[in-house]
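2 protein chains.
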Amino acid sequence: MSSNGENTTTARETGTLGKLMVLLDLVTHADAPLRFTDILALAGQPRGTLHRQLTHLVEEGLLELDGDGRYAPGLRLLDFAARSWARNEFRLIAEPHLRDLQRATGETVHLGVLRGQSIIYLDKVEGRQPVRMYSQIGNASPCYCTGVGKAALSLLPAESLVDLLAGLSFTGFTASTHVSAETLLAEIREIADQGYAFDREEHEAGIRCVAAPVWSEDRTFMGGISITGPAYRLSMELLHQWSVPVQLAAASIMEGMRVRLGPRR
Amino acid sequence: MSSNGENTTTARETGTLGKLMVLLDLVTHADAPLRFTDILALAGQPRGTLHRQLTHLVEEGLLELDGDGRYAPGLRLLDFAARSWARNEFRLIAEPHLRDLQRATGETVHLGVLRGQSIIYLDKVEGRQPVRMYSQIGNASPCYCTGVGKAALSLLPAESLVDLLAGLSFTGFTASTHVSAETLLAEIREIADQGYAFDREEHEAGIRCVAAPVWSEDRTFMGGISITGPAYRLSMELLHQWSVPVQLAAASIMEGMRVRLGPRR
DNA sequence: CTGAATTGTTCCATTATTTGGAACTTAATT
DNA sequence: AATTAAGTTCCAAATAATGGAACAATTCAG
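Chains A and B supply the protein sequences, listed in that same order.
In this text, residue positions in the first sequence follow this note's numbering: the first is 41, and each later residue adds one.
In this text, residue positions in the second sequence follow this note's numbering: the first is 41, and each later residue adds one.
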């Protein structure tokens with residue numbers, strides 16, 4: 041349950057929409073519903089302005105104002121997201137391969153894509169217990185300390201990579217989290233060579249993963265798939281072995297996309 | 041998989057945000073990614089205007105533009121929704137009771153709330169198979185042909201109810217769907233008396249449910265919970281029996297909310 | 001291959017919306 | 001009852017959105 045303060049996109053914070061999205065971000069990222077005054081402090085805007093902006097967001101169902109004057113994320117966001125997810129082509133194509141990989145390894149499998157500096161998880165296939173929905177799906181995680189993130193970064197052309205890394209602000213989640221662009225860059229080059237990435241408890245202590253990059257032909261889509269699990273069960277040796285099936289699954293997904301979307305351009 | 045064209049909220053379609061939300065609705069409700077020209081036809085706006093609006097939505101990550109010039113819902117919506125869902129107090133309080141009800145009956149249990157003319161499903165607890173996430177959660181369904189919807193409507197004060205009904209446009213999904221405000225109103229009055237509602241295959245042929253209303257003290261939150269399943273397994277007699285446990289579960293949820301949020305006002 | 005048609009993008013004077021300071025109302029606190 | 005804080009409304013000034021038209025890039029037809 042990590043919340044990272046980074047931008048999901050390279051959003052402009054100017055323009056009417058941009059300013060409203062900043063507010064929406066503020067409220068959705070908060071740990072609890074916020075009062076008008078709380079938002080006022082966080083947003084640093086004139087009261088009149090803020091009040092009208094919040095009113096508009098509430099009118100559109102993007103925020104909700106409860107009886108105690110607290111602002112919470114609006115349920116209309118759920119409706120939008122449900123549609124966004126249900127019809128996502130990348131996810132639809134990847135799903136069967138994720139299931140195969142889960143069955144083969146018995147561990148949790150994730151699918152994520154790079155958006156700005158974050159990885160957004162598009163799907164998750166777990167073993168035993170019924171999936172707690174939305175548990176991970178939709179969550180934005182940092183790219184510099186997740187397997188899927190580093191795999192995705194390894195797909196970037198040199199210049200874009202340097203630019204992105206320059207804009208990162210590192211948070212040391214664990215002892216092994218990368219906290220400098222230099223060491224991260226070195227590892228990403230290695231990953232680009234070998235074609236797979238590890239997360240050696242860099243985001244969460246006790247959690248490891250192997251990941252392989254997945255991309256669309258025109259590189260508009262860059263992400264990855266991973267097998268994740270507790271360190272006590274997933275030795276680094278085992279993860280090295282699993283680098284093969286992850287890469288194979290990644291290849292299958294890309295082949296699937298080629299077939300489905302391929303004949304054009 | 042029903043898409044209903046009704047508004048989820050009483051949104052104003054004026055103002056900068058309102059106009060952009062109309063576009064977002066358009067794209068997310070479409071069955072497939074739309075081209076610029078498609079949206080142009082649907083939105084009926086000047087080309088220059090539309091182009092800039094779409095550009096802004098893309099810049100904010102609310103829409104995505106693929107390599108073929110097709111607009112699809114943006115993944116940032118997922119991030120917003122994941123947060124909106126994870127911290128929803130109503131859902132958090134209801135969850136254990138939904139699980140209990142599922143275990144007691146063996147059938148699928150839903151939690152939904154009324155937003156405008158639609159029911160938005162907040163949670164779903166299924167039996168056997170691992171839940172396909174987002175399968176129903178977040179979906180907006182019509183209020184006039186679902187158990188949760190009719191249960192929620194039965195909570196409205198007479199005047200609001202008449203107003204809402206007047207604004208409905210009925211779609212006859214099955215032979216038993218209400219298609220007039222009169223018959224619907226009559227049933228809702230009955231539901232208000234007895235405290236539970238049925239869906240007699242009104243939304244989907246072969247699917248029945250019993251639902252009970254759930255509301256917050258100040259009535260800002262009006263929704264319901266339901267037990268849903270195939271008609272061959274859920275006789276009307278069985279559903280009558282289950283009206284008791286659904287109502288009990290509803291009562292428990294409301295008690296939970298009172299305890300958690302109660303001491304005030 | 002050329003010209004015509006369609007589709008998508010940019011520009012900018014006009015128009016409409018947003019801005020933000022201040023006055024005002026309501027609720028909480030002493 | 002008086003004081004402070006919280007929330008809401010108002011309006012001239014500043015800013016952003018509008019939409020028509022010109023421009024570019026693709027696609028299509030002969």
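We put the beta carbon where it would ideally sit given N, CA and C, even for glycine.
Model, not experiment: these values are computed from the prediction.
| query | Does DSSP put Pro136 of chain B in a helix, a strand or coil? | reply | helix
| Through-space distance from Gly263 of chain A to Gly101 of chain A, alpha-carbon basis | 31 Å
| field | Gly269 of chain B to Pro182 of chain A span [Cα, whole Å] | value | 41 Å
| What residue does the beta strand (DSSP E) around Arg248 of chain B start on, and which one ends it? | Ile247 to Trp255
| Within 9 Å of chain B by C-beta, residues of the stretch 118-134 of chain A in sequence order | Leu118, Asp119, Phe120, Ala121, Ala122, Arg123, Ser124, Trp125, Ala126, Arg127, Asn128 and Glu129
| field | Contact with chain B by Leu64 of chain A, beta-carbon distance below 8 Å | value | yes
| request: Could you run through the stretch 246-275 of chain A and flag, in chain order, every residue whose CB is less than 7 Å away from some CB of chain B? | output: Asp258 and Thr260
| request: Starting from Ala83 of chain B, follow the alpha helix (DSSP H) in both directions and report where the run begins and ends. | output: Phe76 to Ala83
| request: Using beta-carbon positions only, say whether His280 of chain A and Glu242 of chain A come within less than 8 Å of one another. | output: no
| said: With H, G and I counted as helix, E and B as strand and the rest as coil, what does DSSP make of Asp239 of chain B? | reply: strand
| chain B contact residues for Asp106 of chain A, given Cβ-Cβ distances below 8 Å | Thr260
| field | Nearest-angstrom Cα separation, counted from Tyr272 of chain B out to Thr68 of chain A | value | 43 Å
| said: In the DSSP output, what is Tyr161 of chain A paired with across the bridge? | reply: A:Gly152
| query | So, Lys190 of chain B versus Glu222 of chain B, is the Cβ gap smaller than 8 Å? | reply | no
| task | Please work out which residues of its chain come closer than 6 Å, Cβ to Cβ, to Leu224 of chain A, disregarding the five sequence neighbours upstream and downstream, and give them in chain order. | result | Tyr184 and His218
| Under a CB-based cut-off of 8 Å, is Arg143 of chain B close to chain A? | no
| Glu15 of chain B by DSSP, collapsed to three states: which one? | Outside the displayed span of chain B (41 to 305) sits residue 15 of chain B, for which this structure offers no information.
| query | What number of angstroms, rounded off, separates the C-alpha of Arg123 of chain B from the C-alpha of Lys164 of chain B? | reply | 17 Å
| Which of the residues in the stretch 177-202 of chain B, read from start to end, lie with their CB under 8 Å from any CB of chain A? | Ile177, Gly178, Asn179 and Ala180
| field | Whole-number beta carbon distance between Ala290 of chain A and Ile265 of chain A, since they are thought to touch under 8 Å | value | 6 Å
| query | Under the DSSP definition of a beta bridge, which residues are partnered with Tyr111 of chain B? | reply | B:Leu74 and B:Leu105
| request: Anything in the stretch 145-160 of chain A with a Cβ closer than 9 Å to a Cβ of chain B? List those residues in chain order, please. | output: Val153, Arg155, Gly156, Ser158 and Ile160
| message | Within 8 Å of any Cβ in chain B, is that where the Cβ of Met61 of chain A sits? | response | yes
| query | Using Cβ-Cβ distances below 7 Å, what residues of the stretch 90-105 of chain A are close to chain B? | reply | His96, Glu99, Glu100 and Gly101
| query | By a C-beta neighbour count over all protein chains shown, 10 Å radius and 16 as the cutoff for buried, is Val299 of chain B buried or exposed? | reply | exposed
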